[in-house]
Structure formats: structure tokens, C-alpha cells
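Chemist:
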Amino acid sequence: MKSLKTLYIGAGILGTLIVAAIFAPLVTSYDPTEQDLMQTLSGPTGAHWLGTDALGRDVFSRLIYGARVDLTIGVLAVLLPFIIGVSLGLMTGWFGGKFDSSVMRVVDTVIAFPFYVLAIALVFIFGPGVKSIIVAITLVGWVAYCRIVRANVLVAKELDYVHAARLTGLPTRRILRRHLLPNVISQAIVFSMSDIVLSILAIVSLGYLGLGVPIPTAEWGSMIQEGQPYILQQWWLATIPGFMVVIVGFALSLIGDGLVARLER
Amino acid sequence: MSTPLISVQDLNVEIKTNRGLLKAIRGVSFDINGGDSIGIVGESGSGKSITLKAILGLLPNNAHVSSGKIFVAGTDISTLDKKARRALLSETAGMIFQDAIAALNPVITVGDQIAEVPRFRLGQSKSESRQTALKLMEQVGISDAESRFGLYPHQLSGGLRQRIAIAIALSGSPKILFCDEPTTALDVTIQAQVLRLLLELRKNSGLGIVFVTHDLAVVNEICDSIKVMYAGRFVEAGNVHTTFSTPTHPYTYSLLKAAPDPDEAVHRLFSISGEAPNLTAPVVGCPFAPRCFAADDHCLTAEPALLSIATSASACFKSSGHDTWAASDSKSGVK
Amino acid sequence: MSQSVIAANNLVKHFAKRQSLVDRLRNKEVFNVPAIDGVNLELKKGETLGLVGESGCGKSTLGRTLVGLYTASQGSIELSGKEVGEARTLEERRTVQMVFQDPFSSLNPRMTVGEVLREALLFHSLATKENVDEKSKELLTLVGLPHDALKSYPRQFSGGQRQRIGIARALALQPKILIADEVVSALDVSVQASVVNLLMDLKRDLGLTMLFISHNIAVVRQVSDRIAVMYLGRIVEVGPTEQVFNNPSHPYTKLLLSSVPKMASGSQISSAPAGELQSIKSALVGCRFRSRCPVAVDACASIDPSLTLVEGTHQAACLLVK
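Protein sequences appear in the order of chains A, B and C.
Quick note on our numbering: the first sequence kicks off at 1 and runs consecutively.
Quick note on our numbering: the second sequence kicks off at 1001 and runs consecutively.
Quick note on our numbering: the third sequence kicks off at 2001 and runs consecutively.
Written out as C-alpha cells, the structure is:
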């Protein structure tokens, strides 16, 4: 089974990264925020595997501790929109009518709104930080889940097993949860894999713009920004955090592909 | 005897599925002569439709002819290149399908679809091909052909669409019409019309018909000879009326008895236990033996070949005792 | 005379057709064809009524309205003489159950057979947590499936077995009335017979009343005590099965019966012209069948015939029936 292999490879890559991030203090002996101004911008050495940055901080430690921040926010920033979007999608698809059309108008409005403008506006309201990022991504992200699930519900609710559940007299809540949800959610789960990549990209982009996680916390986006002035001499400072985003994206898309085949049979 | 129009010899077809290689057709041989009307009857998965598609080179990508030969007008078609094979097949046989709406192009008017072959293959001029198409439409019983020429498939009813499909199949003036369950999706009154049309075409222009269906009664209405298919093989072949009155294979016998008769209420249908075998696994013994009322241990170990007995042919070790089945069929039947 | 367990009184069901923007701009009325249009039907306790007709005649809509999946636009439904409201009580729901056509879409692919049966049994308090497994197994025995089917998912079964699961699910609620909607049309002939026999046995053993909806006239003849023929949303003929088959009185019934391919040797398919329905809108004035009818007279264009007695309880809706 080819699809299973992609699932395992993707999960392997992501799993390694998550384990490294969780046990970061065991993986590296440096504090990611500790400055060593005697040793700035050193190249890779035996002591500093990926060298040090302009403030003499160990790049490898910052990368690992950065994974903590980026992966956590990435997943959190998808979880909320997933829950909100799936629930609203279920209800709009099932109930239809005025409720459906008013939610769908909101969806259209959100889609028409440029994400980064919204995100930057929110950061100015709440101030930079994890909370603003998650709120911004949630405000925009639920729309996709809502549409995916709603479309699936519109098809599934006309299937006879749902009719049979209605004839049993089951309460609507039970039909939605037990008979519809498990059969309409797989596409949303698969989409959430690529959505995590998008939200990590958003965090990194905001971090790069200086609107993300406040310094000196290690975070890939701010690392790229800090490494940028030295791109011609110490190219890896800006490139390696970017490469990490690529690896995470690659792993998640492998998982997504594997899940498609696993869930949709 | 002259060369048959189409001769199929020991045809085997395999289909790649995600559960393994499925032996859809396991050694099928038969001849089709001009003016024949052959009904191929079987249940879903028996290989009846695949047989037609294999002959016409319409197998899906995951299926292929693994062995056997197909002769069209005496020529082994595997020796021909693709173009020559297409040309030979299309002047010999036309085909109509179960789903007429899928078989018609939705964005071309029905008239133009019928005129396509006369115009581009037979080299008629635009006005000639239009006349040919109108004539074909009248031939398949479409009244007011002139005004329906310019309509699109979705503007026509199911019965009319199937008539258009028949007209297209006839537009290359084939000698045989292959019919793959063309009336299954139609209402019974419309089915009767289409069947009558096929009978008329046969009577008036000597068109040969190979009719694939799961409906025994349909075969009874329009075919002279019948081939009963089970698990990728013909298990019984013969004249329709003799086969219906004295079936010599227990499967045919059971099918005839299980089919509800619209003319008579028996209140309890004869039922066949079990299900058709999975053809991804190797077939050991007679594939019908586990469901058969007449089977004994020998049937479970060896697979019988299709042998002639009297006027028909049967692939059953027990066929000689067919006149005693009525007394013993309840052994496994009613459950 | 035995009592009626379910009855439809002048039942009408329209499906609201959305007006397109263009139609609204042109101020054009969307013509709304009723799927069922004034149906009166009564099922007596213990009988099987076969409902036949061609696709689009409204037979499935009638079944789904009776069972409560659709709400009627007009008219009423009575269960054992008591009119049911728009929102049915749990008890009323339980009383009428349905077996569906498609063995693939009628079972939740993510619930095991056991979960499906358990849900129904527990929800209606027809079993306790302690005996629910036992009750589920009894149901499986009833429909001829092995007990280990409880732990399996629908995809592990063949079409015929799935129909048995669908029957078990309906029976779990101990209904009085079973509506079987084209239950065998997706099955092969060799499997069809055993499912039909099973339904008949269950009907007899459990004292059910059954509405057997099918386009397969041969099967309907085997199972029905009475038969009703539908055409364009109306019942055009109804009566005891043998009377309808031996003495079809509505021209549509005659056409339908003569169109069925026969098994008898030397049979010749009907030569009766079946005609084509020209326009539904014009068919709604006068007799609906007249544009296809070989014996229509002038009066058929203006008078909408109602069911009149042919003989005994055999009725047909045709002006020419005397």
C-alpha cells in the first residue's frame, strides 16, 4: 500500500521534530536566548553545530526551541477554526434556510477580506503575540472548514442511512454527531494538514514582519528576519529556518496524502 | 459452413483490482453469424458485459485479454494494427449501452451525432449525411425526425435517447448490434418499445443481435439462442425455448425457477443459497457447486467443461439427470 | 372487516421548486408539479399492498410521505384511525418503518451492524444495556445472518446481506407497518428471491402490514394481496392482485402489464403503442393518461376521472370503466 508508506514517512519526519522539540533541553545544551557576545556569527563548529547568530546565540538550539513555538501555535491556530468551521458547516448544511444563508454571507465576506491586512489590524488592536496570531488565523480559517463540511452534509443528508436514523426518531444532535459527522469530516481532516502549513507560514511571516511572537523568544520567522542582514556572509542563518518550514510542510502534505486514501475508502 | 462474422476462441480476460487479479472471463468460445440473435444472460460480475467489451476492444484500462483469439470475418484481430482493427470492427458491429445519456455527447445535436459516421467515415457530403441521418431516425421509429434532428440529448426522453443511440450504432451499417443491457434503465413500457424496435430491425434488415442482460424474460422475447454465464464461463448454451423448457445446468434451472413470473403467482419464490464466487481467488471445482442442489464431492474438485448434450451444451457433470431435478431441487434451494 | 392500520386521505405532496433569477425577472410563474396529487389509500392489518408504476409516478414519494420523511403539502395520514400531526411522536415513528432500495447508501459506513441495532433498541427502550446484545442477535437470526455480523462494518457484506441488515434495523423498532421501497431492484435474481421470501416470512410471522413499492411487476405479483397502480401522482387502479392482473381495467394498467417481458414460450412483446407524454402541464387537465391512451374519447380532455368501482373492491379511474 503506497498510501500507507507516505503516511508513515510523513508521520516519521513530523514525529522526530515534535520529539526533538519536546525534549529540547536534552537535545541541545544551550539556552536559546543566552547571548555570548564573544562568539557572534561563528560558522558551524563542534560546539555550535549550526554556528551562532549576531548575538552569539546557538542557532541549532534556537531552531529546536523555535519548533516548539511554531508547531504549537500552528496546531492551535488550526484547532479552533477546525472546531468552529466543522460545527457551523454541519449545522448550516443540515438546517439550511435563513441560518444557512446568513452564515454563508459571512463566509463570502471573510473570503473577500485580505488575510494579512486583517492580521496586521488585529496585532495593532491586541498587540503582537501568540494570542493575536491565533485570533487572526481563527477569524479567517474557519471559513474553509465550514464550506467543506457543509458541501458534504448537503450530499450525505439525502442518503438513506440518514433517513433511517430520522425514522428511528433519534434527536437531531445524535444524528449530526453519530451519523453525519464521521462521514463528512474526513475531507476536513485532510485539509487541516495543509492548513497547519499555511498557519505556520502565517506565523513565520508575521514573525518576519516583527508582528509575531515578541523577541527574544526563539521563533523561525524572527530568526529569518534577524539572519537577513548577513545573507551574503552567513547564508544559513536566514535559510535554515526557512528550510525547516519546508520540511514541516513536506511532512504534513505526505500525511495528508496518506490520510486521503485511509479515510476515503 | 461459411466463416462466422465473429469467432471468439478460448477468450480469457483479467482485471487488475485492488484486491488482486480478477479472472473475469475464463475461457469463452462462441461464433456469431449474420442474422443470429444471441442472448447472454448472467448476474453482475459474471463477465457478460466484459465479453462484449473484449470483442469490441472497449476494455477499461485495468483489464486485458490474457489469452485467446478473436476472429472478425476470418481475420485474427490481434494481427491487425489499431487503425485496421477499428475499421474492421466498426463495419462489422455497432454497440448500444445501458446508459444512453452517457453514451451521447451532450453538446452536439442528436442529428449531427447520427450523421457523423456517414459524413466522416463513409465520406458523404453534408446534405447526404443529413438525409442518411433522417432516414436512420425514421428507421428507429422517431416520428417527426426533421424537427428532432436539431435537439440536444437532454431535451429527449429516455426512450428516445436509446433510439438515438441505436441509430448511431446503425449509422455505419453494421451486420451485428451488440446490446449491453440497453433497456435496464428504462421504464417497462419504454423497454417494450425498444425491444420491439430491435425485433423489427432484425426482421426487416437481417441485423444480428447479441443481447447482454440479467433478465431472462427479455431474452425469451427477442433471442433465438441463449448463453448462460456464471463466474466467467458459459455454463449452458442452446436454443432459448429448449433451454427454458428443459434446462441442463442446475444454475440455469435455478435461475429460471427463481425468476418471478408476471403471469403466475407462486407466492414463494425458489431461492438460491449463497453468493457468486470471488474470482480473484483460484476456482477449484465447479464454481456453482457450493450453491447447487445436485452437486456431489466430485463437483467440488473438478471443473466441468461445456459439452454438448442433445441439442444444447452444458458445463455440468450431472446434466444427464436433469429430468429428475424437479424432485430433488429443494435440497439446498429453499432456506 | 379488519381495521385500517395506515391510511392516506387526499394526500398531496409538492416539492417547492426554486424560481430562478431569470424567471423572477421575467415575472414568470414556476410551474409546480405535484409528485403525489390527491392519493387515497388504506392498508388493512396484515395485508401486503403492492404499489407499482414507472419512474417519476410518485410511488416512492408516497412511501416516504407515509413514513414521515416528507411532510404532506395537503391531506392527512391516519395510523390505526388516528390522524398524525406534522411532528410525529416517537411511538408513531416507531410504528411505521422503511426498508430502502440501495443496499450501499442505506447503511452508515462508519457504524458496525451491532452499533446500528443497539442504537435503535436502546433509544426506544426496547432493550436494556444488559440484554441489548442478546436482542441484537435475535434480530440477526430473524433475518438469517450469523451472530458475528454484529462486529462487522457494512462494507464487509454483499448487497443481499446488506438488505438483510436494513430489514433487521427496521424490525428492531418492532413496527406494525413496513414500507419496502424497491428493496430488491438492486439485487441479482438469485439473491432477490431469498430477500423477497424473507420479507414474506417476516410479514406473516410478525403480523406486519406491508406496502411493497416496486417497478418490478413480476415480483409485486408474487408478494401482494392487493395492488395499486400509480400514474403521474395518482392512483389509477387498485384492487385484489389477481383481479387486477386478470382483468386490468385502466388503459394504463393494460399497457403496463402487456409491456412486461414474459417467460412463456412463444411470447411476443406487446405491440400496443406506448406513446410519449407530451407535456406534464397539459396532462393535468382532464385525464392524465389521455395523450398516451389508445381509447381516449373527447370527454377525457375535460373530465378528470375518479376511482370508480369495477367489481368487488376493484377500482379504476377511467371514464370508460362501466
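A virtual CB, placed ideally from N, CA and C, is assigned to each residue, including glycine.
The alpha helix (DSSP H) that contains P2251/C, what's its start and end?
Modeler: Along the third sequence, read from residue 1 onward, the residue named residue 2251/C stands at position 251. Looking at the DSSP string, the run of the alpha helix (DSSP H) that includes P2251/C is P2251 to S2259.
Chemist: Using the Cα positions of V1117/B and I1164/B, report the straight-line distance between them to the nearest angstrom.
Modeler: Sequence index remark: in the second sequence, residue 1117/B carries index 117 (1-based). Sequence index remark: in the second sequence, residue 1164/B carries index 164 (1-based). About 14 Å.
Chemist: Look at the alpha carbon of C2318/C and the alpha carbon of Y2231/C, and state the distance between them as a whole number of angstroms.
Modeler: Taking the first residue of the third sequence as 1, we reach residue 2318/C at position 318. Taking the first residue of the third sequence as 1, we reach residue 2231/C at position 231. Each residue's alpha carbon lies about 12 Å from the other.
Chemist: Between which residues of its own chain and G266/A is the CB-CB distance below 6 Å, once the five residues before and five after are set aside?
Modeler: It is not possible to answer for residue 266/A, since the shown part of chain A is limited to 1 through 265.
Chemist: Only counting runs of 3 or more residues, tell me where the beta strand (DSSP E) segments fall wholly within the segment 2050-2097 of chain C, in order along the chain.
Modeler: Counting only runs of 3 or more, we get 2074-2079.
Chemist: Report the neighbours of L1195/B on chain C: residues whose CB is nearer than 8 Å to its CB, in chain order.
Modeler: Position 195 of the second sequence, counted from the start, is the residue given in the question as residue 1195/B. Chain C residues near L1195/B: P2261 and I2269.
Chemist: Under 8 Å Cβ to Cβ from A1231/B, same chain only, skipping five residues before and after it: list those, please.
Modeler: Here residue 1231/B refers to the residue found at position 231 when the second sequence is read from its first residue. Counting only Cβ-Cβ distances below 8 Å, and skipping sequence neighbours, we find R1026, S1046, G1047, A1276, P1277, L1279, V1283, P1287 and F1288.
Chemist: Does the segment 1302-1316 of chain B come close enough to the segment 1249-1256 of chain B that 3 or more CB-CB pairs lie under 8 Å?
Modeler: Yes, they touch.
Chemist: Any beta-carbon of chain A closer than 9 Å to the one on H2124/C?
Modeler: What you label residue 2124/C is simply residue 124 of the third sequence in a count that begins at 1. Answer yes: the Cβ-Cβ gap between H2124/C and chain A drops below 9 Å somewhere.
Chemist: On the criterion of 16 or more Cβ atoms from any shown chain inside 10 Å, does N1337/B qualify as buried, or is it exposed?
Modeler: Because chain B spans 1001 through 1335 in this model, residue 1337/B falls outside it and cannot be assessed.
Chemist: Under 7 Å Cβ to Cβ from K1335/B, same chain only, skipping five residues before and after it: list those, please.
Modeler: The sequence position of residue 1335/B within the second sequence is 335, counting from 1. Reliability of the predicted coordinates at K1335/B is poor, the pLDDT of 32 falling under 50, and no value is obtained from them.
Chemist: Could you tell me which uninterrupted beta strand (DSSP E) segments, each at least 3 residues in length, are contained entirely in the segment 1179-1262 of chain B, listed from first to last along the chain?
Modeler: For the segment 1179-1262 of chain B, whole beta strand (DSSP E) runs of length 3 or above, ordered along the chain, are 1208-1213, 1225-1230 and 1233-1239.
Chemist: In or out: I134/A buried (at least 16 other Cβ within 10 Å) or exposed?
Modeler: Here residue 134/A is taken as the residue at index 134 of the first sequence, counted from 1. By the 10 Å Cβ count, I134/A comes out buried.
Chemist: Can you say whether N183/A is buried or exposed, counting buried as having 16 or more other CB atoms within 10 angstroms of its CB?
Modeler: For this step, residue 183/A is matched to residue 183 along the first sequence. Burial call: buried.
Chemist: Out of curiosity, what's the CA-to-CA distance linking F2015/C and A2218/C?
Modeler: For this step, residue 2015/C is matched to residue 15 along the third sequence. For this step, residue 2218/C is matched to residue 218 along the third sequence. Roughly 31 Å between the two C-alpha positions.
Chemist: Using the rule of at least 16 other Cβ atoms within 10 Å of the residue's Cβ for burial, across every protein chain shown, is G1333/B buried or exposed?
Modeler: Residue 1333/B sits at position 333 when you count from the first residue of the second sequence. Because G1333/B carries a pLDDT of 39, less than 50, the predicted location of this residue cannot be relied on, and no value is offered for it.
Chemist: Kindly indicate if chain B contains any beta-carbon less than 9 Å away from that of H2250/C.
Modeler: Numbered from 1 along the third sequence, position 250 holds the residue referred to as residue 2250/C. No, its Cβ sits nowhere closer than 9 Å to a Cβ of chain B.
Chemist: Compute the minimum distance between the beta carbon of I185/A and the heavy atoms of the ligand ZN, and state whether it is under 8 Å.
Modeler: No copy of the ligand ZN occurs in the structure displayed, which carries no ligand at all.
Chemist: Look up M193/A in the DSSP assignment and say whether it is helix, strand or coil.
Modeler: As a position in the first sequence, residue 193/A is number 193, starting the count at 1. Reduced to three states, the DSSP call for M193/A is helix.
Chemist: Out of E2130/C, N2010/C and V2033/C, state which residue places its alpha-carbon closest to the alpha-carbon of E2083/C.
Modeler: Within the third sequence, residue 2083/C is the residue found at index 83, counting from 1. Per the Cα distances, N2010/C.
Chemist: Looking only at its own chain, which residues have a Cβ that is under 6 Å from the Cβ of H1322/B, when we skip the five neighbours before and after it?
Modeler: For the purposes of this step, residue 1322/B is identified with residue 322 of the second sequence, where counting begins at 1. Cβ within range, chain order: T1248.
Chemist: Just the chain A side, please: which residues come within less than 7 Å of F2015/C by C-beta, in chain order?
Modeler: Counting from 1 along the third sequence, the entry for residue 2015/C is found at position 15. Those do not exist, as F2015/C stays about 13 Å from chain A at its closest Cβ, beyond 7 Å.
Chemist: For A1069/B, which residues of its own chain have a beta-carbon under 6 Å away from its beta-carbon, when the five flanking residues on both sides are left out?
Modeler: Along the second sequence, one-based indexing puts residue 1069/B at 69. According to the sequence provided, residue 1069/B is Lys. The question's Ala does not apply to it. These residues qualify, in order along the chain: Q1009 and D1076.
Chemist: Compare the beta carbon distance of I73/A and V130/A with 9 Å and say whether it is the shorter of the two.
Modeler: The residue you call residue 73/A lines up with position 73 of the first sequence. The residue you call residue 130/A lines up with position 130 of the first sequence. Yes; because the gap between Cβ atoms is below 9 Å, this pair is in contact.
Chemist: Find the residues of chain A that neighbour R2169/C, judging by a C-beta separation of less than 7 Å, and give them in chain order.
Modeler: By one-based count along the third sequence, residue 2169/C stands at place 169. Going along chain A in sequence order, the residues near R2169/C (Cβ under 7 Å) are A164.
Chemist: Just to confirm before moving on: does the CB-CB distance between G2050/C and A2170/C stay below 9 Å?
Modeler: Within the third sequence, the letter at position 50 stands for residue 2050/C. Within the third sequence, the letter at position 170 stands for residue 2170/C. Going by C-beta atoms, G2050/C is not nearer than 9 Å to A2170/C.
Chemist: Using C-beta distances below 8 Å, list every residue in its chain close to L259/A, excluding the 5 sequence neighbours before and after it, in chain order.
Modeler: Within the first sequence, numbered from 1, the residue matching residue 259/A stands at position 259. Counting only Cβ-Cβ distances below 8 Å, and skipping sequence neighbours, we find L7, S186, I189, V190 and M193.
Chemist: Jot down the residue ranges of each uninterrupted alpha helix (DSSP H) in the segment 1096-1172 of chain B, minimum 4 residues, whole runs only, in chain order.
Modeler: Entirely contained in the segment 1096-1172 of chain B, the alpha helix (DSSP H) runs reaching 4 residues are, in chain order, 1100-1103, 1110-1120, 1126-1139, 1145-1148 and 1158-1170.
Chemist: To the nearest angstrom, how far is the alpha carbon of V2116/C from that of A2180/C?
Modeler: Residue numbering aside, residue 2116/C sits at position 116 when the third sequence is read from its first letter. Residue numbering aside, residue 2180/C sits at position 180 when the third sequence is read from its first letter. V2116/C and A2180/C: Cα-Cα distance of roughly 19 Å.
Chemist: Select from the segment 2092-2108 of chain C all residues with a C-beta closer than 7 Å to any C-beta belonging to chain A, and list them in chain order.
Modeler: Hits within the stretch, in order: R2093, R2094, Q2097, M2098, F2100, D2102, S2105, S2106, L2107 and N2108.
Chemist: Using the Cα positions of F1071/B and R1086/B, report the straight-line distance between them to the nearest angstrom.
Modeler: Within the second sequence, the letter at position 71 stands for residue 1071/B. Within the second sequence, the letter at position 86 stands for residue 1086/B. Between F1071/B and R1086/B, the C-alpha separation is close to 13 Å.
Chemist: Do T1132/B and I1114/B come within 9 Å of each other at the CB atom, strictly closer than that value?
Modeler: Counting from one through the second sequence, the residue named residue 1114/B turns up at place 114. Counting from one through the second sequence, the residue named residue 1132/B turns up at place 132. Their beta carbons are under 9 Å apart, which means I1114/B touches T1132/B by this criterion.
Chemist: Just curious, the alpha helix (DSSP H) that H1298/B is in, first and last residue?
Modeler: As a first step, residue 1298/B must be located in the second sequence, where it is residue number 298. Residues D1297 to T1301.
Chemist: Determine the direct distance from the alpha carbon of D70/A to that of T138/A, and round the result to whole angstroms.
Modeler: Reading the first sequence from its first residue, position 138 is the one you call residue 138/A. Reading the first sequence from its first residue, position 70 is the one you call residue 70/A. Between T138/A and D70/A, the C-alpha separation is close to 16 Å.
Chemist: Have a look at R2204/C, F2104/C, V2295/C and G2144/C and flag the residue whose alpha-carbon is nearest the alpha-carbon of R2155/C.
Modeler: Here residue 2155/C is taken as the residue at index 155 of the third sequence, counted from 1. Nearest C-alpha to R2155/C: F2104/C.
Chemist: Nearest-angstrom Cα distance between V2196/C and V2223/C?
Modeler: Here residue 2196/C corresponds to residue number 196 of the third sequence, with the count starting at 1. Here residue 2223/C corresponds to residue number 223 of the third sequence, with the count starting at 1. About 8 Å.
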